Amino acid sequence: MDRKEPRLGTVQETLLIPLYARAVENRKEHALLRDARAEEIVASIDYDFGRFDNLPSLTGALLRTLLFDRWVTEFLSQHPDATVVEIGTGLNTRHERVDNGRARWFELDLPDVIALRRNFFTDSPRRTMIAASVTDAAWAAEVASHDATGPHLFVAEAVLPYLREPDVRGVIDLIADRFPGALLALDTAGPGFFDTQEQHDALSKVEARMHWYCPDPAQLADWRPGARVLASHTLTSLPEDLVARLPLPYQQMVSAIAAQRLPQAEGYRLNLLRLP
Ligand SMILES: C[S@@+](CC[C@H](N)C(=O)[O-])C[C@H]1O[C@@H](n2cnc3c(N)ncnc32)[C@H](O)[C@@H]1O
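Position in the sequence shown counted from 1, then plus 48, gives you our numbering.
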């Protein structure tokens with residue numbers, strides 16, 4: 049097979065980590081999620097994925113994806129014709145996993161990522177890729193110009209910690225100004241996680257580093273008066289009913305890590321924010 053060599057910038061390369069996590073998981077008998085598409089994509093990309101083999105954080109990435117998937121599913125069950133915007137979509141397959149056949153989707157990432165993504169995904173009347181930086185206000189105008197029905201859920205999975213704080217604030221202001229009342233799902237890197245990233249099993253295998261240190265997601269509500277943190281979980285304090293549905297070995301692993309109260313696990317949070 050003619051495999052594609054990804055020509056990706058430094059932060060863009062990080063998309064290959066959750067992609068590989070989903071691909072490897074797909075081969076397991078008792079899997080956290082199924083993603084045959086990720087497996088096909090990995091097979092057709094010319095990259096040394098072996099560097100990520102057996103890294104514990106791949107499981108963390110999958111648990112994060114499960115929670116973000118659930119937030120999208122819950123949102124669409126309440127608002128079936130709403131709009132979902134994947135910020136920093138990478139080669140994620142969330143649309144394949146949780147689309148309801150009615151919602152409007154936008155998938156935004158930097159131009160080199162969207163160029164790669166176009167090899168594997170195509171636009172449709174309900175699905176539009178946008179090549180832009182999330183820090184560039186033009187993407188929000190493009191989403192608005194498509195006459196997409198609200199309400200809006202913005203999903204930034206493993207994206208914003210790579211930006212600098214003023215840029216994160218700019219993104220939150222941009223979404224709040226343009227799409228009042230929107231939901232934003234995002235992860236935050238705080239003490240124990242942010243300061244140990246040089247030793248992080250997967251990040252230490254690539255050049256990209258996180259720049260936005262967020263000790264407490266409650267700070268997000270202070271940035272934008274009227275914003276509310278609706279949910280905030282660590283990977284070891286996921287919603288109980290989500291954990292109850294995991295294959296048993298994963299349930300046991302999550303509770304074993306929770307018991308250790310590892311700073312790396314405690315300092316990384318998955319948050320759902322309601323903007324004013
Ligand atoms: C760790 S990957 C996560 C990819 C995807 N969300 C997932 O979970 O599979 C980080 C992604 O954020 C994207 N990203 C980083 N900075 C960005 C920016 N300024 N604008 C848009 N996307 C950005 C990268 O290109 C990359 O695809």
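We treat Cβ as the ideally placed atom computed from N, Cα and C, and that holds for glycine. Computed from a predicted model, the values in this text were never measured in an experiment.
- With a cutoff of 8 Å on beta-carbon distance, N319 and A279 are scored as near each other.
- Going by beta carbons, V182 and I135 fall inside the 8 Å limit.
- Residue side-chain check: V120 keeps its Cβ at 7 Å or more from all non-hydrogen atoms of ligand 1.
- When C-beta atoms of the region 72-82 are compared with those of the region 291-303, three or more pairs fall below 8 Å, so the two segments count as touching.
- Apart from sequence neighbours up to five positions away, no residue of its chain approaches A304 with a beta-carbon distance below 7 Å.
- Annotation for E144: R85 place their beta carbon closer than 7 Å to its own, counting only its chain and skipping 5 residues before and after.
- Cβ contact annotation for R150 (same chain, cutoff 7 Å, sequence separation greater than five): P128, D129, in chain order.
- Less than 8 Å divides the Cβ of F100 from the Cβ of A250.
- Relative to the non-hydrogen atoms of ligand 1, the Cβ of L232 never comes closer than 7 Å to any of them.
- Excluding sequence positions up to five before and after A180, its CB lies within less than 7 Å of the CB of L156, A186, W187, all in the same chain and listed in chain order.
- About 18 Å separates the Cβ atoms of T121 and G198, ruling out a contact at the 8 Å cut-off.
- Between D243 and P209, the C-beta spacing is not below 8 Å.
- Non-local beta-carbon contacts of L211 in its own chain, meaning distances under 6 Å to residues more than five positions away in sequence, involve W260 in chain order.
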